[in-house]
Amino acid sequence: MLVESILVVSFALVLDLTLGDPRTKFHPTTWIGSFIAKLTLHTKNSSENLEKLGGVFIILISIGIVISLVISLDIGINLISVDYIYIVVSVIAGSVLLKSTIAIKGMEKHAVAVVAALEQDDIS
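My numbering applies: residue 400 is where the sequence shown begins, and numbers increase by one.
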């Protein structure tokens with residue numbers, strides 16, 4: 400299990416450093432953000448308390464969807480009966496999911512742009 404976890408983290412880092420972030424429409428964060436934006440339209444209300452309640456429902460629905468997807472993925476991977484295929488599939492799936500939560504290459508790109516602007520005294 401420890402080796403599997405180390406492989407997941409290692410492959411996720413390699414994916415991030417070699418490929419960077421996927422285009423916006425292929426990123427899970429964008430998907431959930433779009434979903435939340437659509438739900439938010441339905442929770443607008445003149446009552447502040449009802450809007451807060453709507454916000455709570457948005458959070459619960461979003462968390463429920465993510466948890467359902469992760470559980471479905473886990474069940475699907477556990478249905479694989481051959482041990483080495485199970486490990487390969489779980490390492491690949493785990494690496495891709497973890498990769499979607501890190502952005503080393505993207506942060507470096509943006510940090511370099513900020514440093515360059517600071518050096519040129521071009522911050523507006």
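No residue lacks a Cβ here, since even glycine has one placed at the ideal position from N, Cα and C. All of these numbers come straight from a predicted model, not from anything done at the bench.
Would you call GLY493 buried or exposed, if buried means 16 or more other Cβ atoms sit within 10 Å of its Cβ?
buried
Simplified DSSP state of ASN444, which is helix, strand or coil:
coil
Grouping DSSP H, G and I as helix and E and B as strand, with all else coil, what is GLY419?
coil
Quick check: the Cα distance between ILE522 and LYS508, rounded to an integer number of angstroms?
17 Å
Quick one: what's got a C-beta closer than 7 Å to SER480's C-beta in the same chain, skipping five residues either side?
none
Option nearest SER461 by Cα separation, candidates GLU518, LEU416, SER433:
SER433
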